[in-house]
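One structure is given here, and the rest of the page talks about it.
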Amino acid sequence: MDNLKNIILKLYHAHPVLSVIIVVLVIALLPLLFTLANAVLTALLGMALLMTVCYALIRFFANACKPDDLNMDDTAQKQDKNTEK
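My numbering numbers the first residue of the sequence shown as 41 and each following residue consecutively.
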């Protein structure tokens, strides 16, 4: 933090008008930077939500295409085979 303070003081002593212009521009552009950061975070959150929904749908349809191992008829047949032994 002291290094940043020294850099700002050196800039102010070397070019006072330029340093004031830089400070004014930084203060003026801060809302734009926060808006940009907000847009980026919103986009990342939206992509994460979309990928979660896509993953859930893929898993659902992948499992829906498999034969049902817990079908009651299959279970009854397996139990009958076990009792025959």
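C-beta: ideal position from N, C-alpha, C; glycine also.
All of these numbers come straight from a predicted model, not from anything done at the bench.
Measure the Cβ-Cβ separation of residue i and residue j and say whether it is below 7 angstroms.
{"i": "S59", "j": "L49", "result": "no"}
Please report the straight-line C-alpha distance between residue i and residue j, rounded to a whole angstrom.
{"i": "A79", "j": "L90", "result": "16 angstroms"}
{"i": "M61", "j": "A54", "result": "According to the sequence shown, residue 61 is Ile rather than Met. One C-alpha to the other measures close to 13 angstroms."}
{"i": "L81", "j": "L72", "result": "14 angstroms"}
{"i": "F74", "j": "L65", "result": "14 angstroms"}
{"i": "A84", "j": "L97", "result": "Inspection of the sequence shows that residue 84 is occupied by Leu rather than by Ala. Rounded to whole angstroms, L84 to L97 spans 20 angstroms at the Cα level."}
{"i": "V63", "j": "L70", "result": "11 angstroms"}
{"i": "N103", "j": "T92", "result": "16 angstroms"}
{"i": "F101", "j": "M87", "result": "21 angstroms"}
{"i": "L76", "j": "A68", "result": "14 angstroms"}
{"i": "R99", "j": "N46", "result": "57 angstroms"}
Helix, strand or coil for residue i, going by three-state DSSP, please let me know.
{"i": "Y55", "result": "Looking at the sequence provided, one finds His at residue 55 rather than Tyr. In the structure shown, H55 sits in coil (DSSP, three-state: anything other than H, G, I, E or B)."}
{"i": "C94", "result": "helix"}
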